[in-house]
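A.B. asks: Going down the list, the protein sequences come from chains A and B. First residue of the first sequence? That's 6 in this note's numbering, and the numbers climb one at a time after it. First residue of the second sequence? That's 19 in this note's numbering, and the numbers climb one at a time after it. Cβ atoms here follow ideal geometry from the backbone N, Cα and C, with glycine treated the same way. Just passing along the structure, written as structure tokens.
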Amino acid sequence: MTDNPDNPGGDAVVPAGTETLEVLSSGQGAFGVSGTPDVSGYGGLARTTHAAPPATRPYGGWFDAAVDTLAETLGTDFGPAVSKVVVEHGQLRLEVAREHLINVMQVLRDNPDLRFEMCMGASGVHWPQDAGRELHVHYPMLSMTHNRRLSVEVTCPDEDPHIPSIVGIYPGNDWHERETFDFFGVIFDGHPGLTRIEMPDDWVGHPQRKDYPLGGIPVEYKGATIPPPDDRREYK
Amino acid sequence: MSEEVIYETADEAGAYDTTEGKVYNLSGGDWDEVEGDEGIAQRVVVNMGPQHPSTHGVLRLILELDGENVTQARSGIGYLHTGIEKNMEFRTWTQGVTYVTRMDYLAPIFNETAYCLGVEKLLGITDQIPDRATVIRVMLMELNRISSHLVCLATGGMELGALTAMTFGFREREYVLDVLETVTGLRMNHAFIRPGGLAQDLPDGAEQQVADLVKYLRKRLPDTSNLLVDNSIWVARTEGVGYLDLTGCIALGMTGPVLRSTGYPWDLRKMAPYCGYEDYEFEVVTQTSCDAYGRFLIRLGEMQQSLNIVEQCLDKLRPGPVMVEDKKIAWPAQLAIGSDGMGNSLEHIRHIMGQSMEALIHHFKLVTEGFRVPAGQAYVSIEAPRGELGVHIVSDGGTRPYRVHFRDPSFNNLQAVPAMSEGGQVADVVAAVASIDPVMGGVDR
């Protein structure tokens, strides 16, 4: 453990500039145990995961021109549609409000200067502590014409897990959306046949949500009992 | 979802009424029981699979037939779902390799590489991967591409009745697997490529074995081509079958040999090089026939190109480390063969137990806790034998992946089964599915 002179009390370390960013997750302690006396001193450790900060201009490379084109085409809708532009690990990500998803995707596909003719699927991420936007869906986009990639991220709350389906624009996203529905419970409105795809049709629950346990049984080995993976002590 | 489904009780003939009319469930040999019934056989729906030898694994095809013609086709998947992505969230980043290698089990090296490239991107160490590790990764990937294409040809041949193609394909593949076994210790499920580099260096004699393999395959691969390329039965079974043009491919997100069979030379090794592919000379093989025969020719051509790349890898191999310098990330992978099999080398044990307290701590911390990956997300894609293999990888800053999603090319490409086979005959469905080359381990994960 390294000493942090700025943070003697062991409070959550908030990197400069991230104070206003939404918290994706947070936790305390190092080993994931509670209820037993903490003699290690690690129990006071606190972690907070913040969402990526919005990128500042210039974004770099073709990113600026692409975002400008999108803004030009969407007009006054751009502000409410694209809530945040993120550049992370050299990759451009647009966080889009779900009401405007169809519109944005249509422009991304059809505008000749953008021309993202392929959507490489949909990947759900569950952030239970990201209040009001617990479920994230990540769409990687590919423009073969310009040989560029970006991704679009949409969120929806747990209470109202609805996101419009983009199968009408990208028919190849049919199974990907069914998979995200199956595993996360995101309901893609307008999908032609939103049924489970990997789990049995009568399965209860959505297994890749964070509140869904991994399951498993304890295993006895040479007199000792090893608990299933999600009941073990873990490094946080 | 919560509504309770009530199934009608079937009568003596196994029939029950639905909103769309009477439905008979027949299981074979009992057609006579319903033949006399009026209005029968208006729609015949046949389940092909999931345990059918021609469906390329546990794929279930639901075909609506009019005689021998397919009027509608749908695929049912999920029979091989093992929850790999969920399981990974409960293991360290390094242990994740052991899981991803089991996804597309015919292309394990590709799964491992794609995952490791993703983890390395999040760690920001992409530029620090030693050259030797990258060259070995490329070499193993290309060998793996050959073995994967060989299985495609072998099983595809078998499904269409060309059993010699199967014996040839599996025979050649075995030689490739021998080399992979020499290098990684296992024929499949290698878990050899690790975040930061490789589990260990090439063993003595491996380079010679790879060189011998290339020589052998150059001699033997033409066997399969000679057997099938001009074979009139093979051509009749595959030409014009499983047709999907460029528009269809783009709409359905198809990549890999299916896309290249439309004449579009889209190959990520050329278009968005990773692992230094820009330094290798090879051609992107294309065909313009948009059919199963074209895809077959593409795979034959790609195996030759892969051999070219493997030869260039052998030239590029220089002595050096195979793991990043950073001791906070580099898995302490000093392995050696002992009397009881592969394990930690005695030299390494001596070092951590007797000489360096710091090395011991690193070993202990990395093995029990693992390393932390800064919070963030990335999407990494590579050209797997079946198309774009994408990895969406998310970290919350912890020692375990927060979320790893594989965009497996087989999963996406299987969506093309209706477009490729509706309007054709039942036998053509088999050819169309074989030309997609889905691997159910990758589809279902």
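Applying the criterion that 16 or more other CB atoms from any shown protein chain within 10 Å of the CB defines a buried residue, is Phe193 (chain A) buried or exposed?
C.D. replies: Taking the first residue of the first sequence as 1, we reach residue 193 (chain A) at position 188. Buried, since its Cβ has 16 or more Cβ neighbours within 10 Å.
A.B. asks: So, Ala468 (chain B) versus Leu216 (chain B), is the Cβ gap smaller than 7 angstroms?
C.D. replies: In the structure displayed, chain B extends from 19 to 463; residue 468 (chain B) sits before or after that span and is not available.
A.B. asks: If you draw a straight line from the C-alpha of Leu325 (chain B) to the C-alpha of Val303 (chain B), how long is it?
C.D. replies: Numbered from 1 along the second sequence, position 307 holds the residue referred to as residue 325 (chain B). Numbered from 1 along the second sequence, position 285 holds the residue referred to as residue 303 (chain B). Straight-line Cα distance between these residues: approximately 13 angstroms.
A.B. asks: For chain B, check one thing: does any of its Cβ atoms lie closer than 7 angstroms to the Cβ of Leu119 (chain A)?
C.D. replies: Along the first sequence, one-based indexing puts residue 119 (chain A) at 114. Not one chain B Cβ lies under 7 angstroms of Leu119 (chain A).
A.B. asks: What's the C-alpha gap between Glu82 (chain B) and Leu407 (chain B)?
C.D. replies: The residue given as residue 82 (chain B) occupies position 64 in the second sequence. The residue given as residue 407 (chain B) occupies position 389 in the second sequence. Distance between the alpha carbons of Glu82 (chain B) and Leu407 (chain B): 32 angstroms.
A.B. asks: Alpha helix (DSSP H) containing Asn326 (chain B): first to last residue?
C.D. replies: Here residue 326 (chain B) refers to the residue found at position 308 of the second sequence. Per DSSP, Asn326 (chain B) belongs to the alpha helix (DSSP H) from 310-334.
A.B. asks: Do His105 (chain A) and Ser128 (chain A) have their CB atoms nearer than 7 angstroms?
C.D. replies: Position 100 of the first sequence, counting from 1, holds the residue named residue 105 (chain A). Position 123 of the first sequence, counting from 1, holds the residue named residue 128 (chain A). It is not a contact, given that the beta carbons lie outside the stated cut-off.
A.B. asks: When the Cα of Leu318 (chain B) is compared with those of B:Tyr117, B:Asp241, B:Ala449, which residue comes out closest?
C.D. replies: The residue given as residue 318 (chain B) occupies position 300 in the second sequence. Checked all of B:Tyr117, B:Asp241, B:Ala449; the closest Cα to Leu318 (chain B) is B:Asp241.
A.B. asks: Please classify Glu401 (chain B) as buried or exposed, where buried requires at least 16 neighbouring CB atoms within 10 angstroms.
C.D. replies: Position 383 of the second sequence, counted from the first residue, corresponds to residue 401 (chain B). That one is buried.
A.B. asks: Considering just the uninterrupted stretch of the alpha helix (DSSP H) at Asn162 (chain B), what are its terminal residues?
C.D. replies: Translated into the one-based positions of the second sequence, residue 162 (chain B) becomes position 144. Per DSSP, Asn162 (chain B) belongs to the alpha helix (DSSP H) from 149-177.
A.B. asks: Name the chain B residues that come within less than 7 angstroms of Pro197 (chain A), Cβ to Cβ?
C.D. replies: If you number the first sequence from 1, residue 197 (chain A) lands on position 192. By Cβ distance, chain B contributes nothing, its closest Cβ being about 12 angstroms from Pro197 (chain A), past 7 angstroms.
A.B. asks: From the DSSP output, in three-state form, read off Gly281 (chain B) for me.
C.D. replies: Working through the second sequence from its first residue, we reach residue 281 (chain B) at position 263. Three-state DSSP puts Gly281 (chain B) in coil, outside helix and strand.
A.B. asks: List, in chain order, every chain A residue whose beta-carbon is nearer than 8 angstroms to that of Asp462 (chain B).
C.D. replies: Along the second sequence, read from residue 1 onward, the residue named residue 462 (chain B) stands at position 444. Result: Glu203.
A.B. asks: Which value, in whole angstroms, describes the spacing of the CA atoms of Pro223 (chain A) and Gln227 (chain B)?
C.D. replies: Here residue 223 (chain A) refers to the residue found at position 218 of the first sequence. Here residue 227 (chain B) refers to the residue found at position 209 of the second sequence. C-alpha separation (whole angstroms): 44 angstroms.
A.B. asks: Quick check: the segment 200-210 of chain B against the segment 249-265 of chain B, are at least 3 beta-carbon pairs closer than 8 angstroms?
C.D. replies: Cβ pair count under 8 angstroms is below three, so no.
A.B. asks: Is Asp16 (chain A) close to chain B? Criterion is C-beta to C-beta, closer than 7 angstroms.
C.D. replies: Mapped onto the first sequence, residue 16 (chain A) falls at position 11. For Asp16 (chain A), the pLDDT reaches just 43, beneath the cut-off of 50, and the residue's location in the model is therefore unreliable, leaving the point undetermined.
A.B. asks: Is Asn65 (chain B) buried or exposed, if buried means 16 or more other CB atoms sit within 10 Å of its CB?
C.D. replies: Counted from its first residue, the second sequence places residue 65 (chain B) at position 47. Exposed, because fewer than 16 other Cβ atoms sit within 10 Å of the Cβ of Asn65 (chain B).
A.B. asks: From Asp48 (chain B) to Ala450 (chain B), what distance separates their C-alpha atoms?
C.D. replies: Your numbering for residue 48 (chain B) matches position 30 in the second sequence. Your numbering for residue 450 (chain B) matches position 432 in the second sequence. C-alpha separation (whole angstroms): 30 angstroms.
A.B. asks: Output, in sequence order along the chain, the residues in the segment 126-150 of chain A whose CB is closer than 7 angstroms to any CB in chain E.
C.D. replies: Judged by its chain identifiers, the structure shown contains no chain E, and its protein chains are A and B.
A.B. asks: Counting along the chain, where does the beta strand (DSSP E) carrying Pro169 (chain A) start and finish?
C.D. replies: Here residue 169 (chain A) corresponds to residue number 164 of the first sequence, with the count starting at 1. Taken as a continuous stretch (DSSP letters only), the beta strand (DSSP E) holding Pro169 (chain A) covers 167-169.
A.B. asks: Please determine if the segment 301-315 of chain B and the segment 349-356 of chain B are in contact, where contact requires at least 3 C-beta pairs separated by less than 8 angstroms.
C.D. replies: No: the two stretches stay apart, fewer than three of their Cβ pairs being nearer than 8 angstroms.
A.B. asks: For a contact defined as C-beta to C-beta under 9 angstroms, what are the partners of Leu106 (chain A) on chain B?
C.D. replies: In the first sequence, the residue the question calls residue 106 (chain A) occupies position 101. Result: empty, since nearest Cβ-Cβ is about 18 angstroms, beyond 9 angstroms.
A.B. asks: So with Cβ pairs under 7 angstroms, would you call Thr54 (chain A) a contact of chain B?
C.D. replies: As a working mapping, residue 54 (chain A) is identified with position 49 in the first sequence. It does; some Cβ of chain B falls within 7 angstroms.
A.B. asks: Curious, which full-length alpha helix (DSSP H) runs of at least 4 residues does the segment 382-411 of chain B contain?
C.D. replies: Correct list: empty.
A.B. asks: Which value, in whole angstroms, describes the spacing of the CA atoms of Asn431 (chain B) and Gln443 (chain B)?
C.D. replies: Taking the first residue of the second sequence as 1, we reach residue 431 (chain B) at position 413. Taking the first residue of the second sequence as 1, we reach residue 443 (chain B) at position 425. Looking at the two C-alpha atoms, the distance is approximately 20 angstroms.
A.B. asks: DSSP puts Thr54 (chain A) in a beta bridge; with which residues?
C.D. replies: Taking the first residue of the first sequence as 1, we reach residue 54 (chain A) at position 49. DSSP lists A:Ser30 as partners of Thr54 (chain A).
A.B. asks: Compute the distance between the beta-carbons of Leu140 (chain A) and Cys161 (chain A), then report whether it is under 7 angstroms.
C.D. replies: The residue given as residue 140 (chain A) occupies position 135 in the first sequence. The residue given as residue 161 (chain A) occupies position 156 in the first sequence. Against a cut-off of 7 angstroms, the Cβ pair of Cys161 (chain A) and Leu140 (chain A) comes out as a contact.
A.B. asks: For Tyr405 (chain B) and Pro427 (chain B), which I take to be in contact (beta-carbon distance under 8 angstroms), what is that distance rounded to the nearest angstrom?
C.D. replies: If you number the second sequence from 1, residue 405 (chain B) lands on position 387. If you number the second sequence from 1, residue 427 (chain B) lands on position 409. As written in the sequence, residue 405 (chain B) is Gly, which differs from the Tyr given in the question. Sure, about 3 angstroms apart at Cβ, within 8 angstroms.
A.B. asks: Taking 7 angstroms as the CB-CB limit, is Met438 (chain B) close to chain A?
C.D. replies: For this step, residue 438 (chain B) is matched to residue 420 along the second sequence. It does not: the Cβ of Met438 (chain B) has no partner Cβ on chain A nearer than 7 angstroms.
A.B. asks: What residues from chain A crowd round Gln433 (chain B), counting only those whose CB sits closer than 7 angstroms?
C.D. replies: Position 415 of the second sequence, counting from 1, holds the residue named residue 433 (chain B). Gly177, Asp179, Trp180, listed in chain order.
A.B. asks: From the beta carbon of Met289 (chain B), is the nearest beta carbon of chain A less than 7 angstroms away?
C.D. replies: Looking up residue 289 (chain B) in the second sequence gives position 271. It does; some Cβ of chain A falls within 7 angstroms.
A.B. asks: When you compare the CB of Phe382 (chain B) with every CB in chain A, is at least one pair closer than 7 angstroms?
C.D. replies: Against the second sequence, residue 382 (chain B) aligns to sequence position 364. So no, Phe382 (chain B) is outside the interface.
A.B. asks: For chain A, is any of its Cβ atoms less than 7 angstroms away from the one on Thr36 (chain B)?
C.D. replies: Within the second sequence, the letter at position 18 stands for residue 36 (chain B). It does not: the Cβ of Thr36 (chain B) has no partner Cβ on chain A nearer than 7 angstroms.
A.B. asks: Can Met159 (chain B) and Ile211 (chain B) be called in contact, C-beta distance under 7 angstroms?
C.D. replies: For the purposes of this step, residue 159 (chain B) is taken as the residue at position 141 of the second sequence. For the purposes of this step, residue 211 (chain B) is taken as the residue at position 193 of the second sequence. Cβ atoms of Met159 (chain B) and Ile211 (chain B): not closer than 7 angstroms.
A.B. asks: Which whole-angstrom value is the C-beta distance of Gly114 (chain B) and Pro436 (chain B), which I expect to be below 8 angstroms?
C.D. replies: For the purposes of this step, residue 114 (chain B) is taken as the residue at position 96 of the second sequence. For the purposes of this step, residue 436 (chain B) is taken as the residue at position 418 of the second sequence. Not a contact, Cβ separation roughly 34 angstroms.
A.B. asks: Are Thr236 (chain A) and Leu219 (chain A) closer than 7 angstroms when you measure CB to CB?
C.D. replies: Along the first sequence, one-based indexing puts residue 236 (chain A) at 231. Along the first sequence, one-based indexing puts residue 219 (chain A) at 214. Looking at the sequence itself, residue 236 (chain A) is Asp, so the reference to Thr does not match. For Asp236 (chain A) and Leu219 (chain A), no; Cβs fall outside 7 angstroms.
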